[in-house]
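Heads up, the sequence shown is in our numbering, so the first residue is 28 and it goes up one at a time. Cβ coordinates follow ideal geometry from the N, Cα and C atoms, glycine included. The structure under discussion appears below in the form of structure tokens.
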Amino acid sequence: MRQVLTYRVPGDLTWKESVFQKEYADVMHIVATPTLLESLSEGCWWIKAPIVTIGSVLEGIFGKGWSSPRAQMKQFLAVSSALEELWGESVSTSERKLIFSFKKNRKEIIYTLRILCELRLMDSIESGTEEEELLVKLWGKVKDQFELRDWEAVLLKKEGAFEKVLVDIFKDMGTPSELEKHNIFDEAFQSDRSVVKSLQKKKLILHGFYFITPIQEYLFKILEEKYELVFLNLYNEDYPATFRIVEEFLQKGKWTWQPSFNEPGYRIHPLAASLLLGFEGEEVSARKKDVTVHRFTDLTEFIRKEKSRREASDKPFEHVVTSRGGQAREQLYYSDLLVKKNHSLLEYPIGRFLFTLHGIIHEKKNPEDGESRYYEAVTPESMKTLFSSGYLVYKNPENGQTINMKSYLKELEMLLPYFSLGDGYIQGKEKNEPTIEEWIVKIDEIIEEKLSWSQEGIPDSRVHRLHSKPFEQLSYFKLGIEDLYIIKKGFLAVKEMSEDLFGSQSELNITGYIKKLKKYTEAPLDAEIIREEKEVIHGLLKQMDELTEDELTFRVSDISQGLRYFLTSGLPSEKDDESEKIDRLGGLYLGDGIPFKSNRDIHLAFADHKSLPSIVKYKLWPLSSKTEERLTKHRPELGLFRVHSRFAGSMNRYLLYAMFSSADNVRISFVEDLNEETGLRLAAYFKMIGLEGETTSVKADKHKANLTEAVAPSMDFSNWSEMMEEEWKLCKKRAIFSYILNDYSSFQEDFHQRNIFSGLLWEAHNVFGDWENAYNSIEALFPQYSSEYKKFVKKQNMKKKNRRYKIKYYEVEDYQYATVVRTSRLLGMSKENDDTSEQKGSIASPGYNCRFCPHLNICAEGVYPKDGR
């Protein structure tokens, strides 16, 4: 039997006269998500029973032999090995292409196999299509690795089986602090006594199931044979458009629905009220005082200004919820703007280091002839991850000195543009995928180029460095020779590790491989590594030792994906892996517990028109729609995936309301340019109620402002060159930063380097007198751009007015420099961009020129209008 108990706000549950308090406060409380558990644990005095997630319940029912990362890794390796066998047995190009598509989508294949096994449907699969025929063949080779115990019969026939599952879950938690999070405060922490007491009424509270997965529904049907299921959910019958998904999944009309408490007066945030009315089709305008909407230019500006906001605030941090997953969310984690409670190993440097290291080896298969080829590829981002981890070290064989490459991360970032490979360093090579050998060759090129620059006799002062080294505007030429040699040693260390771990073999034995791998995880356990990460490393090593109990072999090309099952929680599963849900649903689902938190200040970030609404389609690949329909007749629960897809829009509306309804303060923001997406706008949900994005402004750091303004009166202008004076005229604050840092401009952003290429091309033309020689003299110094692009820039420059100078050279303290250096050095100086204006009470002149400023990342007033130029 089932029934539904609803609430509009948390007060409907906590009030002593509520139905919940009178009848269900002491009943076992099973919640849909980890975030709801976390929020309830902050102050769940009104719940008198243990709290557990449905993910933990299912894991306990299936057993560790099914749910553990180790089990999933074994399944992954089994599927990979079977696909390799099928590739060898294949006789046609079309068959090999199909096998190749399976190999590329192994994660989806395993996800499908696991769901079908859990629902006892795998033996019902028939070969209706070529893809399904291959799936059946694959299943015949791997079914032994997908054995799942007969859990349904155990729950139905064995007395006290479900009670034992719950008791074991809490026993495995072990520590008092972990038990307290699950609302067990018994003096002796006797969790079994608390569990037994909470099941005495033969009822279960199921909280927050605004949508239900097939395996959850399959379990609920079994549980309702012995327990009354009471679904507890946020709901307001006056707003059907917002709560349609709840009505659909909790089957309004079939089961008894009743409110926990029905007092007429209740408070919700004005933004939530406006959204509710808007969702119902009414015209309404949200008041600006109720919510602030910020517009950011890009992710860099977002992170910089949000961190400044936090540093300047003395209030508790607001909850940042993002409707986007992937890279945007990852950057928020790394910038400490977003807190993740249950860290996966991939979020620690050791995890990222191991995963990236194992991503170096790739396999390329040719469906035409069936041949396979292994190759190395290290992208600039991969090399950056290896350097930043703290686990990449170089040991000098001569003196035993150890250098940790983490100390050279900034220098590596300055080099990276040179390794972008616009055309590919080798003909036919993919962009941005150089081998380790090519990294070494290219850094040797930079060293050789730097050594060829003779600077004899030129004074080593900022004035002369500014004029004498125009190519050092490019960040990769700014580095000193010694730094370049050390970074090269880092590249050599990567090469050494790759050769040691993988060698030239196509298959590896797990025992020998782990023995080698352990020395790279143990090496840097020094004081710099936080205690928490040391514990993570030791846990990882212990798990790896367990793997050696199995006589496994694996192909080198499979290891990076196989290793992911240790570094994350494995596949998307009922364990509610947060990263997977975020990438599929967006981070909105994290807001379901906010009404129960003590701090309810909310910042909804990246709320642009492409991230909201978030539409998710569940697909059991490679099954056809026809097969899914047939399987749904065997197991009706499978049809819930289609219900979810049909009501995805309602889910977005429900989650927005859940998040904002009990909020204290709300901020919304969006970013105009995010990764490859440009021109992003505020989501229609918020424009519908009259909200618009405002340009962000953060109070300038007082210390920074005082520093530059205090320096200005005491600056010595006597040895300034004409170029330095021009910088002063352009923006006094920019000139002062240059003076304080005693250095000259150097740029590593693509936007600046494109402008520098154009400027230096003019400079070379001024020296050589013709465009061909000018182009040939500098184009090799910009390998990040394709030859087509560089020739295009040359053509564009040739069309412009001749900028040959009457005086080719000018003097600075008896040394001659090319006149054109003055123009190429000060990017953004053309009159057409002169929209700057000095601000009252400030020495800065913000405007279009800010985008060319080398000090933009440290200047709080550095903002510029975005346009199409």
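Cβ atoms of residue j and residue i: under 8 Å apart, would you say?
{"i": "Phe236", "j": "Phe276", "result": "yes"}
{"i": "Arg123", "j": "Pro394", "result": "yes"}
{"i": "Leu259", "j": "Leu233", "result": "yes"}
{"i": "His321", "j": "Ser696", "result": "yes"}
{"i": "Ala791", "j": "Ala807", "result": "no"}
{"i": "Ile136", "j": "Val106", "result": "yes"}
{"i": "Ser68", "j": "Lys208", "result": "yes"}
{"i": "Arg29", "j": "Trp282", "result": "yes"}
{"i": "Leu193", "j": "Glu252", "result": "no"}
{"i": "Phe504", "j": "Lys477", "result": "yes"}
Sorted by chain position, which residues of the same chain lie with C-beta nearer than 6 Å to residue i's C-beta, five sequence neighbours on each side aside?
{"i": "Leu4", "result": "The question about residue 4 has no answer, for the chain in this structure spans 28 to 896."}
{"i": "Glu403", "result": "Ile387, Thr462, Ile463"}
{"i": "Asp317", "result": "Pro297, Leu298"}
{"i": "Gly38", "result": "none"}
{"i": "Arg35", "result": "Asn263, Tyr293"}
{"i": "Asp510", "result": "Glu438"}
{"i": "Trp42", "result": "Phe288"}
{"i": "Leu63", "result": "Gly235, Asp619, Gly620"}
{"i": "Thr863", "result": "At Thr863, the pLDDT of 48 sits below 50, so the modelled position is not reliable; the number obtained from the coordinates is stated separately. Excluding residues within five positions, the ones whose Cβ falls inside 6 Å are Ser872, Gly874, Asn876."}
Determine the closest residue to residue i out of the options, with distance taken between C-alpha atoms.
{"i": "Arg878", "options": "Cys758, Thr202, Gly427, Ile295", "result": "Cys758"}
{"i": "Leu908", "options": "Phe197, Trp284, Arg694", "result": "With the chain covering only 28 through 896, there is no way to say anything about residue 908."}
{"i": "Val222", "options": "Ala76, Gly796, Ile137, Pro663", "result": "Ala76"}
{"i": "Leu667", "options": "Gly82, Leu140, Pro241", "result": "Pro241"}
{"i": "Gly155", "options": "Leu650, Asp53, Thr383", "result": "Leu650"}
{"i": "His56", "options": "Leu707, Val257, Val698", "result": "Val257"}
{"i": "Asn793", "options": "Tyr875, Asn824, Gly706", "result": "Asn824"}
{"i": "Phe344", "options": "Lys224, Ile473, Asp691, Lys43", "result": "Asp691"}
{"i": "Glu310", "options": "Glu50, Ser785, Tyr712", "result": "Tyr712"}
{"i": "Val163", "options": "Met149, Phe173, Lys826", "result": "Met149"}
{"i": "Lys170", "options": "Asn536, Ile239, Phe103", "result": "Phe103"}
{"i": "Cys886", "options": "Lys332, Lys91, Glu65", "result": "Lys332"}
{"i": "Gly87", "options": "Gly167, Ile142, Ser108, Met200", "result": "Met200"}
{"i": "Arg708", "options": "Leu639, Thr139, Ser688", "result": "Leu639"}
{"i": "Trp755", "options": "Leu506, Ala52, Ile870, Met686", "result": "Ile870"}
{"i": "Ser362", "options": "Leu718, Glu328, Ile377", "result": "Glu328"}
{"i": "Glu158", "options": "Phe414, Lys817, Glu799, Leu647", "result": "Leu647"}
{"i": "Leu19", "options": "Lys821, Gln780, Ile763, Lys760", "result": "For residue 19 there is no data in the structure shown, the boundaries of the chain being 28 and 896."}
{"i": "Ser225", "options": "Val468, Gly427, Ser66, Glu255", "result": "Glu255"}
{"i": "Gln811", "options": "Asp396, Lys469, Thr33", "result": "Lys469"}
{"i": "Met715", "options": "Glu290, Val348, Phe306", "result": "Phe306"}
In chain order, what residues of the same chain have a beta carbon less than 8 Å from the beta carbon of residue i, not counting five sequence neighbours either side?
{"i": "Leu110", "result": "Ile126, Phe129, Lys130, Arg133, Leu165"}
{"i": "Cys880", "result": "Cys758, Arg761, Gly855, Cys886, Gly889"}
{"i": "Phe784", "result": "Ile805, Phe809, Tyr812, Lys817, Val820"}
If you follow the beta strand (DSSP E) that residue i is part of, which residue opens it and which one closes it?
{"i": "Lys230", "result": "230-234"}
{"i": "Gln30", "result": "29-34"}
{"i": "Lys422", "result": "420-422"}
{"i": "His779", "result": "Element bounds for His779: not the beta strand (DSSP E) but the alpha helix (DSSP H), 777-795."}
{"i": "Asn289", "result": "No beta strand (DSSP E) holds Asn289; DSSP gives it neither H nor E."}
{"i": "Ala76", "result": "Here Ala76 belongs to no beta strand (DSSP E), and DSSP marks it neither H nor E."}
{"i": "Lys392", "result": "388-392"}
{"i": "Leu259", "result": "255-261"}
Please report the residue range of the alpha helix (DSSP H) in which residue i lies.
{"i": "Lys205", "result": "Reading the sequence as shown, one finds Glu at residue 205 and not Lys. Residues 203-208."}
{"i": "Trp93", "result": "91-94"}
{"i": "Phe127", "result": "120-131"}
{"i": "Ala268", "result": "267-276"}
{"i": "Leu511", "result": "508-529"}
{"i": "Phe189", "result": "188-200"}
{"i": "Tyr712", "result": "711-714"}
{"i": "Ile470", "result": "463-478"}
{"i": "Asn803", "result": "798-805"}
By Cβ distance below 7 Å, which residues in the same chain neighbour residue i in space, the five residues on each side in sequence not counted?
{"i": "Gln775", "result": "Glu440, Met441, Pro444, Ser502"}
{"i": "Phe238", "result": "Ile272, Phe276, His671, Met678"}
{"i": "Glu460", "result": "Ala404, Thr406"}
Would you call the region 107-121 and the region 622-630 touching, i.e. three or more CB-CB distances under 8 Å? Taking a contact to require three or more Cβ pairs closer than 8 Å, the region 107-121 and the region 622-630 do not qualify as touching.
Looking at C-beta atoms only, is the number of pairs between the region 649-659 and the region 89-99 that lie closer than 8 Å three or more? no
Counting pairs of beta carbons, one from the region 413-424 and one from the region 515-525, are three or more of them closer than 8 Å? Flag = yes, the region 413-424 and the region 515-525 touch.
Could you tell me whether the region 624-639 touches the region 695-712, using the rule of 3 or more Cβ pairs below 8 Å? yes
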